[in-house]
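Going by the numbering used here, the first residue of the sequence shown is number 1167, and it counts up by one from there. Input: a single structure, listed below in structure tokens.
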Amino acid sequence: MPPTPISTKGPAPARPRIFADLTPLRSSPDYRRLWCGNTVSWMGQQMTALAVSLQVYSLTRSTFAVGLVGLCSLVPLVVFGLYGGAIADTVDRRKLGLYSAAGATVMSVVLAAAALAHYRHVWLLYCVVALQAVCFAMNSPARTSMIPRLLPVEQLPAANALNSLTSNLGLMGGPMLGGVIVGLWGYQAAYLIDVAAFSASLYAMWRLPAMRPDHGEGDGATTPRRASVLDGLRFLATRPNLRMTFFTDMAAMVLAQPRALFPAIAALWFGGDAKTVGLLVAAPAVGAVLGGLFSGWLGGIRRHGLAILVAVGAWGAAVASFGLSRHLWLGLFFLAVAGCADTVSMVFRSTMLQAATPDKMRGRLQGVFIVVVAGGPRLGDFLAGSAAGLTSPATAVVGGGLACVLVVTALGLGRRAFARYDARDPQP
């Protein structure tokens, strides 16, 4: 059937949206269940992450032992992220999402059982955290690759804004809720609540239709037995617009990542203590949540590449401005602006990956995305800490922010077609 022509006469266009666009939740019951299930389970996962850290410290009284929890999570994410994406391009993504979510649920059951039995060996916690990271590395590419199959392309920015809201609310609220629950009822209560929270994700995956990757046109197309990680990387190497989404993200996360310097900054600049560090850590997350809540206007933007360049440049400028501030509330404001800019960048980067990537490659590129998101900020922490040690925290923060602005400007000038990328004709 030919498309229905759009009339040039009719009611005046609707006013631009201000608040988050809920159209994806209204138009697709499958996406609505997936989003709700992920929101509930992500909150539970963040509760569990805090509970594990508290339990490890309670057993060892060692901050180094607590730091190993993050390492046990990071290594499987980086190693299995790429392979999880390759598997998602080979099998039914619904089944992969269902089985990996079930595996994560079992890991929470193990944590709860160990806490109830007063099992006091920290190695078990490390093993469970590592296996949870493997489950996440398998689940995330499958779940994210499903979204373009559930929604029309014009709704992808709104869907990614909603997903960012889920992520940031979980990062903010999960640890706070987990701390309260552990304080009132113990570790086992947090783990058992996480088990119950996973049921929402399992139900959402169960209700989805089959989601086999599309490897060709027509009914005769078959899914290959194996999807090569190297093929995915070769595909990315020959797709300049998609490649630019990763380069711009790395410019922000590696060059302008002040998180590791917050303890020193709190004491040296603001004369604060641990509470001040908490405010500095929370400020970007608050800005990111506000960016998600007031994301309705993002759906009207078509030049996604230009929007990414501007957003990443704004992140770098806000970080540099934070490095020049010596009043706490002004510094918190600049960090919140940076968090808001990061949300805008993430929405359009995710949308480009989903819209401009063929379905048969979406899992592998989402796997690369996981590796960048997991590894980039850690590399940024190392770079910021090293630069501050050689110079000063102020030089490291201001210099990192300005370097981010310069690099993203150079990237934009070097690949001018990226700024002209149009969502109505997504070209990888």
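The C-beta atom is built at its ideal place from N, Cα and C for all residues, glycine as well. Quick caveat: nothing in here was measured; it's all calculated off a predicted structure.
By the criterion of a C-beta distance shorter than 7 Å, Gly1345 is surrounded in its chain by Leu1216, once the five residues flanking it on both sides are discounted. CA-to-CA, the gap between Gly1529 and Thr1310 works out to about 8 Å.
Taking C-beta atoms under 8 Å as the contact rule, Arg1260 and Ala1376 qualify, at a distance of about 6 Å. Here Tyr1197 is near Leu1316, since their CB atoms are less than 9 Å apart. Where Pro1190 is concerned, the enclosing alpha helix (DSSP H) starts and stops at 1189-1193. Judged by DSSP secondary structure, Ser1311 falls within the alpha helix (DSSP H) whose first and last residues are 1288-1316. His1284 counts as exposed, since fewer than 16 other C-beta atoms from the protein chains shown sit within 10 angstroms of its C-beta. Between Leu1464 and Leu1427, the alpha-carbon positions lie close to 32 Å from each other.
Boundaries of the alpha helix (DSSP H) around Asp1397: 1395-1403. Nearest to Ala1422 by C-alpha distance, out of Leu1568, Leu1262, Val1257, is Leu1568. Non-local beta-carbon contacts of Leu1240 in its own chain, meaning distances under 7 Å to residues more than five positions away in sequence, involve Ala1540, Arg1544 in chain order.
The beta carbon of Ala1278 is closer than 6 Å to those of Gln1354, Tyr1357, Leu1358 in its chain, skipping five residues each way along the sequence. If you ignore the 5 residues before and after Leu1335, its C-beta comes within less than 7 Å of the C-beta of Val1455, all in its own chain and listed in chain order.
In this chain, the alpha helix (DSSP H) harbouring Thr1332 covers 1322-1351. By the CB criterion at 9 Å, Ala1417 and Leu1577 fall inside the cutoff. Rounded to whole angstroms, the separation of the alpha carbons of Gln1211 and Thr1517 is 25 Å. The beta carbon of Ser1394 lies closer than 8 Å to those of Ala1252 in the same chain, with the five residues before and after it left out.
Three or more Cβ pairs closer than 8 Å define a contact, and the segment 1504-1523 falls short of that threshold against the segment 1550-1559. In the three-state reduction of the DSSP assignment, Gln1423 falls in the coil class. Here the alpha carbon of Phe1488 sits roughly 46 Å from the alpha carbon of Arg1373. For the pair Val1276 and Val1288, the CB atoms are not nearer than the 9 Å cut-off. Sequence-distant partners of Leu1191 (beyond 5 residues in either direction) whose C-beta falls short of 8 Å from its own C-beta, in its chain, are Tyr1197, Arg1198, Trp1201, Leu1328.
Restricting attention to Val1510, Leu1368, Ala1308, the CA atom closest to the CA of Ala1473 is found in Val1510.
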